[in-house]
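In the numbering used here, the protein residues as written are 109 to 227.
For each residue, glycine too, the CB sits at the ideal point set by N, CA and C.
To start, the structure itself, in structure tokens.
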């Protein structure tokens, strides 16, 4: 199974997800989207599996620091994609992609359920 974990290395939630994957001996590739970047194709892949409202973290500091005009401009997948490309920190982390699922955020129960089913 090919797993790619997208995030930033200093995020506590990403660290927990990486630790969980390693402790369950699930090989994965870590993609640091701050250093390695993101493109519209990756986000489009995510959006096939989850709605843009799930990917855009409206509880995080990046969202809170946006102007009201920037926030109000995010109304659909296209505008959300533009925001995520411009400000990757607004993406809810981590994003874990397997051959059959895209998981946004981290909870051990969800990882156990989804990854066991796809293993």
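Assumed close pair residue i, residue j - CB separation to whole angstroms, cut-off 8 Å
| i | j | result |
| --- | --- | --- |
| residue 202 | residue 145 | About 16 Å; that fails the 8 Å criterion. |
| residue 163 | residue 192 | 7 Å |
| residue 98 | residue 136 | Nothing about residue 98 can be reported from this structure: the residues present for the chain run from 109 to 227 only. |
| residue 209 | residue 222 | 5 Å |
| residue 200 | residue 165 | 4 Å |
Coarse secondary structure for residue i, derived from DSSP in three states
| i | result |
| --- | --- |
| residue 182 | coil |
| residue 219 | helix |
Cα-Cα separation, residue i to residue j
| i | j | result |
| --- | --- | --- |
| residue 125 | residue 181 | 31 Å |
| residue 198 | residue 169 | 8 Å |
| residue 160 | residue 216 | 23 Å |
| residue 213 | residue 118 | 15 Å |
| residue 190 | residue 128 | 31 Å |
Start-to-end residues for the beta strand (DSSP E) that takes in residue i
| i | result |
| --- | --- |
| residue 114 | 112-115 |
| residue 205 | 203-205 |
| residue 210 | 210-212 |
Mind listing, in chain order, the continuous beta strand (DSSP E) runs of no fewer than 3 residues lying wholly within the region 121-187? If we require 3 residues or more, the beta strand (DSSP E) runs fully inside the region 121-187 come out as 137-140.
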